Amino acid sequence: MSRPRLANAFHPGDSLRKLPTRALLLALVALAAPQRSECQAAPLAVLIDQSTGRTYLENFQATPVFFSGYTIESNAATFSPVGWTPISGNYDAAGNGSVDALGHWIVLSAPSSSMDLSEGVVSGTGGTLAPGQVVSLGATWTGGSTAVTAEYLVGSSTLIANVAFRLNPADYNRDLVVDTNDYNLFRATFGQTIDLRADGNGDGMVNAADFTVWRDRYTPLPVILAPGFGAAVPEPSGYALAACGLALWCGLRITSRGRALTSPAVRR
655 MSRPRLANAF
665 HPGDSLRKLP
675 TRALLLALVA
685 LAAPQRSECQ
695 AAPLAVLIDQ
705 STGRTYLENF
715 QATPVFFSGY
725 TIESNAATFS
735 PVGWTPISGN
745 YDAAGNGSVD
755 ALGHWIVLSA
765 PSSSMDLSEG
775 VVSGTGGTLA
785 PGQVVSLGAT
795 WTGGSTAVTA
805 EYLVGSSTLI
815 ANVAFRLNPA
825 DYNRDLVVDT
835 NDYNLFRATF
845 GQTIDLRADG
855 NGDGMVNAAD
865 FTVWRDRYTP
875 LPVILAPGFG
885 AAVPEPSGYA
895 LAACGLALWC
905 GLRITSRGRA
915 LTSPAVRR
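Each residue of the sequence shown is one higher than the last, beginning at 655 in the numbering used here.
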């Protein structure tokens, strides 16, 4: 039996609150798309970085998550639609296709809404998050209340997404894990007072104290990771030696430079 086309059931910019229930609208969006027999009710997580306001969708399971819409809500109006990077135009067929290479997603929440971020797809097979895949939705959270809820669609079912807030100043490259990439960024910007991405303690300079921030928060990588971050990580003790060597090298350079400036050849 064919399903009715529901392309005119809503318009971009309509708030979910304009319809009978949020779940009803999302269910209609799901029915408008072909069902996947392989759909799994695998959990989807919404992660919010309290230090940057960045919001992420993450599949932390070992199986893919297939979904055709989601909504993230804050009754305290803590969202900024200006900072939102939706799947629509970014990760769908109109974007890089990393979530949905065939479908065209549309934004459902009002352009000025600070209470919900919602989007879905009404044609195609929906989007997919691979095991461990992380998608950035931009700097959407403006701070304050952490009373945030989220729902998403798997087939015709509306599921509750896990919402987690995190505050990790050692995640220097903002990829949701503290690993070698953060250390490499610290090493590359050591001594900087301009590029402060690795200034973990906020003192205005990337220095040895920021290595301590990284070391104290470093933990072995989880089994499921964001794509591209699956390399084994050496123990922090090895990095401690490297950091000491880096600091010593910088100190020797400064000492050598000072001696050179006071030598007779320089004074002449």
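Backbone N, C-alpha and C define an ideal beta-carbon position, used for all residues, glycine too. Computed from a predicted structure; not experimentally measured.
Under the three-state reduction of DSSP output, Y710 falls in the strand class. Counting other Cβ atoms within 10 Å of its Cβ, N729 stays below 16 and is therefore classed as exposed.
Per DSSP, the beta-bridge partners of W738 are G792.
By the CB criterion at 9 angstroms, V775 and G723 fall inside the cutoff. DSSP, reduced to helix, strand and coil, places D836 within a helical segment of the structure shown. The alpha-carbon separation between V817 and I848 amounts to approximately 34 angstroms.
Just measuring C-alpha positions, the residue of E727, L839 and S790 sitting nearest D703 is S790.
Apart from sequence neighbours up to five positions away, the residues of its chain that approach T843 with a beta-carbon distance below 6 angstroms are D849, A852 and V860, ordered along the chain. Per DSSP, the unbroken beta strand (DSSP E) holding T725 starts and ends at G723 to S728. In the three-state reduction of the DSSP assignment, F844 falls in the coil class, being assigned neither a helical nor a strand state. Only buried fits G781, as 16 or more other CB atoms lie within 10 angstroms of its CB. Residue range A862 to R871 is occupied by the alpha helix (DSSP H) that includes A862. Between F733 and L698, the gap from beta carbon to beta carbon reaches 9 angstroms or more. Within a 10 Å sphere around the beta-carbon of P765 sit fewer than 16 other beta-carbons, which makes this residue exposed. In terms of Cβ geometry, S763 and T709 do not form a close pair [threshold 9 angstroms]. Here R820 is bridged, per DSSP, to D703. Per the coordinates, the alpha-carbon of R820 lies some 15 angstroms from the alpha-carbon of W868. Note on geometry: alpha-carbon atoms of N744 and S767 lie some 20 angstroms from one another. Taking a 10 Å sphere around the C-beta of S772, we find 16 or more other C-beta atoms and assign the residue as buried.
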